[in-house]
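Engineer: At position 65 of the sequence shown the residue is numbered 46 (the working numbering), and the sequence of numbers has no breaks.
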Amino acid sequence: MKKLIEKLEKEKILTKEEFAFLIENRNEEIAEFLFEKARKIRETHYGKDVYIRGLIEFTNYCKNDCLYCGIRRSNKTCERYRLTKEDILLCCEEGYGLGFRTFVLQGGEDNHYSDDYMCEIISEIKRKYPDCAITLSIGEKSKESYQKFFDAGADRYLLRHETADFSHYAKLHPENLSAENRQRCLWDLKEIGYQVGTGFMVGSPYQTAENLAEDMLFIHKLQPHMVGIGPFIPHHATPFRDEKSGTLELTLFMLGLLRLMLPTALLPSTTALGTIHPEGREKGLLAGANVVMPNLSPVTVRKKYLLYDNKICTGDESAQCRVCLEKRVASTGYKIVVSAGHHLSFDNH
């Protein structure tokens, strides 16, 4: 087991069988061995710095009906909202004052926001805050749309592939969505020049160790700049309401493997980790993560953007959240820095 981890550290890749074996046979001792290596690699490239991203969840309307998601189109109990350009700019203004230098515009796939409107929002944020990075997380689009957003000033794009296995993907999504198209989007984004983020759910329904191994192989092939993973957490108004959550333990293990495979990747310690364990985000940082993404959305809408149940920080003011996070990060021996926090292959100044 340790030999496989050492092989991954050295060669940055394992076979599908080796990944699956490691995942299936992991134990506490192996996990600690992995995390120690992951921390060392992370500190070699990023020191003790932790980058913060200000998350602005600007719409919870979505045209899709993914079986695991709380804002799926079929959820009639979801109280829908949309933020205007002015609302979004107010979030950025508040965030900038709190030391955020990356704004993440995240939403459901909502056709209300045309390409032109999105470009208007992006270019206005860039005009007001030229030292900030803009990350988009708004789903599957055409290559032409992605190019327009990039030309308007978007720097990064987050699009989790969710699962690399086509048949597993089909069990989690309606028929009109495909893993093939999802992956096509990621390659388009990379070709355009974005800092690209992908990722997957850990412990999603029907997932096997082989599925996770395939996720690792797909990520190695893509060589993204960011990878966001988090445990699957069921939402009460979805077909998966009675499914088991993914575990903190396996999510941390996968984070450690990702750090060894992609030494310079930007790896968030996600809100979902903090939701399933009171110290989940701290544990994520100690497993190799170097990014946290607190919420800058207006408090009035935070409880409405629930992709899964019991999400944390839905009632906190942004400033409260920022101070709390500063202390939590400091408890791990790391420190939050005021920086756009680009991937090392991009200019950080």
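Each residue gets a CB set at the ideal place from its N, CA and C atoms; glycine is no exception.
Where does Met242 fall in DSSP's three states?
Structural biologist: The residue given as residue 242 occupies position 261 in the sequence shown. In this structure, Met242 counts as helix in the three-state DSSP scheme.
Engineer: Below 8 Å, can you find three or more Cβ-Cβ pairs linking the region 138 to 146 to the region 174 to 183?
Structural biologist: Short answer: they touch.
Engineer: With a CB to CB cut of under 6 Å and the five nearest residues on each side skipped, what residues in its chain are close to Ala190?
Structural biologist: Here residue 190 corresponds to residue number 209 of the sequence shown, with the count starting at 1. So the list reads Ala1, Ile4 and Glu5, once near-sequence residues are dropped.
Engineer: Considering only their Cβ atoms, is the gap separating Gly184 from Thr232 smaller than 9 Å?
Structural biologist: One-based indexing of the sequence shown puts residue 232 at position 251. One-based indexing of the sequence shown puts residue 184 at position 203. Their beta carbons are under 9 Å apart, which means Thr232 touches Gly184 by this criterion.
Engineer: Does the Cβ-Cβ distance between Tyr32 and Ile317 come in under 9 Å?
Structural biologist: Within the sequence shown, residue 32 is the residue found at index 51, counting from 1. Within the sequence shown, residue 317 is the residue found at index 336, counting from 1. Contact: yes.
Engineer: So the candidates are Asp68, Asp223 and Met197; which of them puts its Cα closest to the Cα of Val280?
Structural biologist: Position 299 of the sequence shown, counted from the start, is the residue given in the question as residue 280. Cα-wise, what sits closest to Val280 is Asp68.
Engineer: Just to confirm the assignment, what range does the alpha helix (DSSP H) spanning Ser148 have?
Structural biologist: For the purposes of this step, residue 148 is taken as residue 167 along the sequence shown, with counting starting at 1. Segment Phe147 to Leu153, the alpha helix (DSSP H) holding Ser148.
Engineer: How should Gly314 be labelled, buried or exposed, when 16 other C-beta atoms within 10 angstroms of its C-beta is the threshold for buried?
Structural biologist: On the sequence shown, position 333 is the one that residue 314 refers to. Result: exposed.
Engineer: Checking 9 Å against the spacing of the C-beta atoms, do Asp30 and Asn271 come in under that value?
Structural biologist: Numbered from 1 along the sequence shown, position 49 holds the residue referred to as residue 30. Numbered from 1 along the sequence shown, position 290 holds the residue referred to as residue 271. Result yes, Cβ atoms of Asp30 and Asn271 sit closer than 9 Å.
Engineer: For the region 80 to 127, list the beta strand (DSSP E) runs that are entirely contained and at least 3 residues long, ordered along the chain.
Structural biologist: Listed in chain order, they are 83 to 88 and 114 to 118.
Engineer: From this set, Asn276, Lys284 and Arg262, which residue's C-alpha is nearest Leu79's C-alpha?
Structural biologist: Taking the first residue of the sequence shown as 1, we reach residue 79 at position 98. Checking every option, the nearest Cα to that of Leu79 belongs to Asn276.
Engineer: When the Cα of Leu203 is compared with those of Leu239, Ile119 and Gly88, which residue comes out closest?
Structural biologist: The residue labelled residue 203 in the question sits at position 222 within the sequence shown. Answer by Cα proximity: Leu239.
Engineer: Applying the 10 Å Cβ sphere with the 16-neighbour rule, what's the burial state of Val319?
Structural biologist: In the sequence shown, residue 319 corresponds to position 338, counting from 1. So Val319 counts as exposed.
Engineer: Helix or strand or just coil, what does DSSP make of Glu74?
Structural biologist: As a working mapping, residue 74 is identified with position 93 in the sequence shown. Reduced to three states, the DSSP call for Glu74 is helix.
Engineer: With DSSP collapsed to three states, give me the class of Leu247.
Structural biologist: For the purposes of this step, residue 247 is identified with residue 266 of the sequence shown, where counting begins at 1. Three-state result, Leu247: strand.
Engineer: Rounded to a whole number of angstroms, what is the C-alpha to C-alpha distance between Met182 and Thr144?
Structural biologist: On the sequence shown, residue 182 is found 201 positions in, with the first residue counted as 1. On the sequence shown, residue 144 is found 163 positions in, with the first residue counted as 1. Cα-Cα distance, rounded: 7 Å.
Engineer: Apart from the five residues just before and just after Ser126, which ones in its own chain have a Cβ nearer than 6 Å to its Cβ?
Structural biologist: Taking the sequence shown and counting its residues from 1, one reaches residue 126 at position 145. So the list reads Asp96, once near-sequence residues are dropped.
Engineer: Does the separation of the CB atoms of Gly76 and Glu38 fall below 9 Å?
Structural biologist: Sequence index remark: in the sequence shown, residue 76 carries index 95 (1-based). Sequence index remark: in the sequence shown, residue 38 carries index 57 (1-based). No, the pair does not count as a contact, with Cβ atoms beyond the cut-off.
Engineer: Using 10 angstroms around the beta-carbon of Tyr150, count the other beta-carbons present and answer buried if the total reaches 16, otherwise exposed.
Structural biologist: Within the sequence shown, residue 150 is the residue found at index 169, counting from 1. Looking at its Cβ environment, which holds 16 or more other Cβ atoms inside 10 Å, Tyr150 is buried.
Engineer: By the DSSP assignment, the alpha helix (DSSP H) with Lys(-3) in it spans what residues?
Structural biologist: If you number the sequence shown from 1, residue -3 lands on position 16. Start and end: Lys(-3) to Asn6.
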